[in-house]
Amino acid sequence: MELSSLLQELHLSSTEKLLPSSLPPITELLPQLQKNLIGASSDSETSSLIGQVVQLFQTADPDWLFSSASANEEGGVELQLAYRSLTDALVGCAALPLCEDDVSSLPAAAYQSVPNQVVTVCSALVALLRTLENRKCTGVLQTVAPSVCVFAVTHFQVSVVGKHQDKSRADVNASLWFQDQVWTTSSSRAAAQSLQEALLRAGSWTDSAHFLMGDRRGQEGEEGILGGVLDVLQPQISKESWQHCEAAKFVFVWTLLQVTRPSLSPHLPRILPPSLLLTDHYRPENCMLGVRCLHHIIINTAAADLRQFNRAEVLYQALFKHLYTTEAAVIQLVLSCLLDLLLVLETPPSSLAPSSARRKPCRHDDVLRLVLTNMEAEHKVALRYVYASALPPFIDRMGVTVCRHLRRLERVVLGYLEIREPPEEKTRLKILEVLQKTIRAAWPRSDTHRQRKRNAQTCFLCFGAFPHHHRCNHGGLRPQDGAAGQHVASLLASAAGGRVGGLGAQSRCQTEGDEPRQPVCQTAGPLHTRTSTGVFTHLTLSCRTLTRHSPVSLFLSPSSSSLTAAVVALRCCVA
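For what it's worth, my numbering labels the leading residue of the sequence shown as 1, then goes sequentially.
Below, the structure is given as structure tokens:
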């Protein structure tokens, strides 16, 4: 029976409801609708057919539309399959064109006709969902919901941040912003958003997480739709096809980031492979999506499930190799993810109970060693800040075992504090924090015979790191800079047993412009200067005293500035 003649026989109108007594079964009509939608030869014909479907759902009697749902179990399954097929046909009318290969992307002109079709399809699906909401036909709703959800998310883009992400480490780079894609317009995005809202209302779901996971309190009959959504996505996110559809990766990431524990663990075999595929991609944007997915999986999956089948080791190897990249955004996400993954793989060295046995090197040492090696030769400002920001949590995790890396860590601290990065000096302030944590963690293993040299070096780094143009107008260091240096010097004095002397006292140099006092080489009281020149002069004399016979004067001319003299004296001291 042709669709046009069938609609004429039904006498559909917006003012009257047709009785189901003289009509054919709905299970005979829906396949005919699906066939006609698939066989449409033009966009105008497709739009006309979709408009007739909208009219059908808006005017037909719900008892006839879902007459087989309550008849028997076999009839209900047949009806569900018929509506699922019709929904897939509607979604296919606005399907995105596929890329010809896995390297290039389609131009914007290839998506020119998609937004208008999306608006038309959304109107038909919204009409269906409203009918399902009024009829309370749960079986049909759960059958069509996965396809409707994937279609809606494809065409409305939102910002996604993991709900259980550590807020102290969250920043702009850790967020995934799904920008307005070339296949969407403002009208298509609004239509897709309305479709998603209609879907949630039809099933009485509070939000997308409730829709995917169900009732987390364990009530019967409240199962989530995550499995059905993954069934729809699976053909699009396989190794062979995921790069041919631009939207598939975004829908997968959106779906994954909505799901938290304990609903994530049962689906690990289906969500880990696509996440690893994204992580291994050469494009930084895809790699960031994959690392964000892996981080979300690590946070929201039990450690026992991750260690099963050696999954955690596979994740570690996939992430560790990205430490060799030069993309700051990727490195930041990878280091944050590795911090959480290492807790799954091994016990943190700092939490081990004291024992006579030597603590063996572990993966924490491997990661920290590679990070410090990369930091020594790094010249990009963004990467330097990322590395410096990642060091404090690693040192906290390592505890006293950071002593294994002290030589390399000292070189990194010295090199980073010597390079200016005005005006915020964020990297050097982070390095001062690294120095504080290192002193707190490694003081029992301090090298005694080099303690005085290390004191001189540290005091120089704390007080000579910030150049004259970075100081306040009144002649002193900024309060936050001076406070950081003073804290380091205080820790150093405590670790050295009070042998720092006047160098440690230099940390209390004024920030308000007090009256200057005579610098004293070994004084226990506060030492005030109007500028930092006295600090550098004092440091130069102290380093000369430490080196005694070191030929510092060979490198200094009478016109050398106090800062240059301090630098040369320090390098001779620590050589």
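We put the CB at the ideal spot given by N, CA and C, even for glycine.
Spatial distance of residue i from residue j (CA atoms)
{"i": "Arg292", "j": "Asn300", "result": "12 Å"}
{"i": "Met213", "j": "Asp366", "result": "38 Å"}
{"i": "Pro31", "j": "Asp88", "result": "12 Å"}
{"i": "Leu406", "j": "Val434", "result": "12 Å"}
{"i": "Lys430", "j": "Pro262", "result": "36 Å"}
{"i": "Gly203", "j": "Leu141", "result": "7 Å"}
{"i": "Pro392", "j": "Leu409", "result": "12 Å"}
{"i": "Asn134", "j": "Gln117", "result": "26 Å"}
{"i": "Lys239", "j": "Pro422", "result": "46 Å"}
{"i": "Val344", "j": "His244", "result": "35 Å"}
{"i": "Ala329", "j": "Cys99", "result": "27 Å"}
{"i": "Glu424", "j": "Tyr385", "result": "12 Å"}
{"i": "Val402", "j": "Ser336", "result": "19 Å"}
{"i": "Leu289", "j": "Val253", "result": "7 Å"}
{"i": "Leu257", "j": "His296", "result": "7 Å"}
{"i": "Leu264", "j": "Glu418", "result": "47 Å"}
{"i": "Ser85", "j": "Thr347", "result": "51 Å"}
{"i": "Val334", "j": "Cys122", "result": "39 Å"}
{"i": "Ala94", "j": "Val314", "result": "38 Å"}
{"i": "Leu37", "j": "Lys321", "result": "48 Å"}
{"i": "Val119", "j": "Ala192", "result": "8 Å"}
{"i": "Arg576", "j": "His379", "result": "Residue 576 is absent from the model: the chain starts at 1 and stops at 575."}
{"i": "Gln510", "j": "Ala388", "result": "Low per-residue confidence applies at Gln510: pLDDT is 37, beneath 50, and the placement is therefore not dependable enough to give any value."}
{"i": "Gln112", "j": "Leu230", "result": "28 Å"}
{"i": "Ala260", "j": "Ser48", "result": "Rather than Ala, the amino acid found at residue 260 in this sequence is Thr. Cα to Cα, Thr260 sits roughly 42 Å from Ser48."}
{"i": "Cys287", "j": "Thr59", "result": "49 Å"}
{"i": "Leu226", "j": "Ser241", "result": "21 Å"}
{"i": "Arg189", "j": "Thr46", "result": "20 Å"}
{"i": "Leu29", "j": "Leu96", "result": "27 Å"}
{"i": "Ala312", "j": "Leu132", "result": "43 Å"}
{"i": "Tyr324", "j": "Leu370", "result": "9 Å"}
{"i": "Ala124", "j": "Val114", "result": "16 Å"}
{"i": "Val232", "j": "Val251", "result": "11 Å"}
{"i": "Thr27", "j": "Ala82", "result": "6 Å"}
{"i": "Glu223", "j": "Ala108", "result": "39 Å"}
{"i": "Leu414", "j": "Pro235", "result": "53 Å"}
{"i": "Met375", "j": "Tyr416", "result": "9 Å"}
Residues sharing a beta bridge with residue i, DSSP
{"i": "Glu223", "result": "Gly214"}
Where the alpha helix (DSSP H) through residue i begins and ends
{"i": "Asp305", "result": "Ala303 to Arg307"}
{"i": "Thr347", "result": "Premise fails: Thr347 is in no alpha helix (DSSP H) and is neither H nor E."}
{"i": "Asp366", "result": "Arg363 to Ala377"}
{"i": "Ser389", "result": "Val381 to Met398"}
{"i": "Asn286", "result": "Pro284 to Ile299"}
{"i": "Ile26", "result": "Ile26 to Ile38"}
{"i": "Tyr111", "result": "Where Tyr111 is concerned, there is no enclosing alpha helix (DSSP H), given that its DSSP letter is neither H nor E."}
{"i": "Glu418", "result": "Leu406 to Glu418"}
{"i": "Arg311", "result": "Arg311 to Phe320"}
{"i": "Pro269", "result": "Leu268 to Thr279"}
For residue i, the three-state DSSP class (helix, strand or coil)
{"i": "Ala328", "result": "helix"}
{"i": "Ala60", "result": "strand"}
{"i": "His155", "result": "helix"}
{"i": "Leu96", "result": "coil"}
{"i": "Gln165", "result": "The pLDDT assigned to Gln165 is 41, lower than 50, so where the model puts this residue is not dependable; a value taken from the coordinates is nonetheless given after this. Coil at Gln165, not helix or strand."}
{"i": "Lys17", "result": "Its pLDDT being 49, under 50, Lys17 is placed unreliably in this model, and the value from its coordinates should be taken loosely. Lys17 falls in the coil class under three-state DSSP."}
{"i": "Gln55", "result": "helix"}
{"i": "Ser147", "result": "helix"}
{"i": "Gly203", "result": "coil"}
{"i": "Glu425", "result": "coil"}
{"i": "Gly443", "result": "Residue 443 is actually Trp in this sequence, not Gly. DSSP places Trp443 in helix when its eight states are reduced to three."}
{"i": "Leu87", "result": "Looking at the sequence provided, one finds Thr at residue 87 rather than Leu. Looking at Thr87 - three-state DSSP - the assignment turns out to be helix."}
{"i": "Cys245", "result": "coil"}
{"i": "Phe250", "result": "helix"}
{"i": "Val119", "result": "helix"}
{"i": "Val402", "result": "helix"}
{"i": "Arg189", "result": "helix"}
From the options, residue whose alpha carbon lies closest to that of residue i
{"i": "Val144", "options": "Pro97, Leu195 and Glu100", "result": "Leu195"}
{"i": "Gly228", "options": "Glu197, Val413, His155 and Arg270", "result": "Arg270"}
{"i": "Pro25", "options": "His364, Gly139, Leu79 and Pro266", "result": "Leu79"}
{"i": "Ser275", "options": "Leu128, Ala124, Arg359 and Ile237", "result": "Ile237"}
{"i": "Ala127", "options": "Ala40, Leu383, Gln52 and Trp183", "result": "Gln52"}
{"i": "Phe156", "options": "Leu129, Thr185 and Arg130", "result": "Thr185"}
{"i": "Arg283", "options": "Phe66, Gln34 and Asp102", "result": "Asp102"}
{"i": "Lys437", "options": "Arg411, Lys426, Phe394 and Tyr416", "result": "Phe394"}
8 Å Cβ cutoff, residue i in contact with chain D
{"i": "Gly224", "result": "No chain D appears in this structure, which consists of one protein chain only."}
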